[in-house]
Amino acid sequence: NAGVTQTPKFRVLKTGQSMTLLCAQDMNHEYMYWYRQDPGMGLRLIHYSVGEGTTAKGEVPDGYNVSRLKKQNFLLGLESAAPSQTSVYFCASTSGGSSYEQYFGPGTRLTVT
Amino acid sequence: AQKVTQAQTEISVVEKEDVTLDCVYETRDTTYYLFWYKQPPSGELVFLIRRNSFDEQNEISGRYSWNFQKSTSSFNFTITASQVVDSAVYFCALSVWGAQKLVFGQGTRLTINP
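Each protein sequence line maps, in turn, to chains A and B. The numbering used here numbers the first residue of the first sequence as 2 and each following residue consecutively. The numbering used here numbers the first residue of the second sequence as 8 and each following residue consecutively.
This is the structure in structure tokens:
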């Protein structure tokens with residue numbers, strides 16, 4: 002079991018470029034999440050999905066889009082990157098809803114110049 | 008709305024000292040869940056514990072213990088006889104029944120000096 006994997010691990014973008022972060026889980030989890038981690042602010046939820054084909058906005062969704070076409074994958078897109086999106090991005094998944102612990106990927110460090 | 012506050016931004020202690028990390032939460036829901044996660048220097052987040060709002064029993068796991076008090080809306084984490092390997096950022100988090108998502112505190116960076 003690989004658990005939750007994220008691709009890529011590091012990326013540098015120029016302002017205005019686009020990119021997609023890929024999250025994959027092999028635990029057959031229904032729920033998947035994208036967070037960003039910034040110094041002093043903990044983890045903030047960007048978007049999440051409660052099942053294949055569903056997505057919902059989290060706390061800081063602006064500037065991001067997501068898709069969950071397959072149960073095991075959750076994609077996070079940045080259409081036009083901005084320096085404010087420089088952050089570490091974590092994907093997580095869980096089998097249940099609010100009462101279950103989430104399993105996290107290793108993170109993607111994104112720098113936008 | 009839910010909120011988690013970890014007022015201690017950074018804590019530094021000498022090895023073998025006991026240390027307590029504070030977590031205060033806010034919610035109007037009666038059914039909720041509290042979590043602690045550890046983020047070591049390698050960067051991954053590791054689940055430590057989950058408590059539900061109906062179970063106020065304190066929990067001990069080795070050198071780790073958790074004190075859940077609904078009266079003060081706190082879920083504090085104590086490490087006894089700290090070790091250098093305990094150095095990490097620790098996050099407290101809250102979810103409420105039906106919300107399908109976690110709200111994290113800002114995290115406490117714990118440094119254990121040899």
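A virtual CB, placed ideally from N, CA and C, is assigned to each residue, including glycine.
Which listed residue (the options) has its alpha carbon closest to that of residue i
i        : options                                : result
B:Leu101 : B:Gln76, B:Asp25, B:Ile18 and B:Tyr32  : B:Tyr32
A:Thr1   : A:Gly64, A:Gly41 and A:Glu31           : Examination of residue 1 of chain A is not possible in this model, given that chain A is present from 2 through 114 alone.
B:Asn74  : B:Lys108, B:Cys99 and B:Lys23          : B:Cys99
A:Met42  : B:Val21, B:Phe54, B:Thr16 and B:Pro121 : B:Thr16
A:Ala3   : A:Val13, A:Asn29 and A:Arg12           : A:Asn29
B:Thr34  : B:Arg70, B:Gln113 and B:Trp104         : B:Trp104
A:Val1   : A:Met33, A:Lys10, A:Asp39 and A:Gln38  : Nothing about residue 1 of chain A can be reported from this structure: the residues present for chain A run from 2 to 114 only.
B:Ser80  : B:Cys30, B:Ile67 and B:Ser72           : B:Cys30
Counted within 10 angstroms of its Cβ, other Cβ atoms place residue i as buried (16 or more) or exposed
i        : result
A:Leu77  : buried
A:Ala93  : buried
A:Ile47  : buried
A:Thr114 : exposed
A:Asp1   : The structure shown does not extend to residue 1 of chain A, since chain A spans only 2 to 114, so no value can be given for it.
B:Ser78  : exposed
B:Val92  : exposed
B:Ser89  : buried
A:Leu70  : exposed
B:Ala8   : exposed
A:Ser99  : buried
B:Ala95  : buried
Contacting residues, own chain, Cβ-Cβ under 8 Å from residue i (five flanking each side not counted)
i       : result
B:Ile18 : Val26, Leu28, Thr115, Arg116, Leu117 and Thr118
B:Glu63 : Phe75, Gln76 and Lys77
A:Thr87 : Leu111, Thr112 and Val113
Beta-carbon contacts of residue i that lie in its chain and below 6 Å, excluding the five residues immediately before and after
i        : result
A:Ser81  : Gly17
A:Asn74  : Ala25
A:Arg110 : Phe11 and Val89
Residue i - partner residues in DSSP beta bridges
i       : result
A:Ser50 : A:Met33
A:Leu76 : A:Leu23 and A:Ser68
B:Asn74 : B:Asn83
B:Leu28 : B:Phe84
Residues of its chain near residue i, where Cβ-Cβ distance is below 7 Å and the 5 sequence neighbours each way are ignored
i       : result
A:Glu53 : Arg69, Lys71 and Lys72
Note to self: With three or more beta-carbon pairs closer than 8 Å as the criterion, would you say the segment 32–45 of chain B touches the segment 56–66 of chain B?
What the structure shows: The answer is yes - the segment 56–66 of chain B touches the segment 32–45 of chain B, with three or more Cβ pairs under 8 Å.
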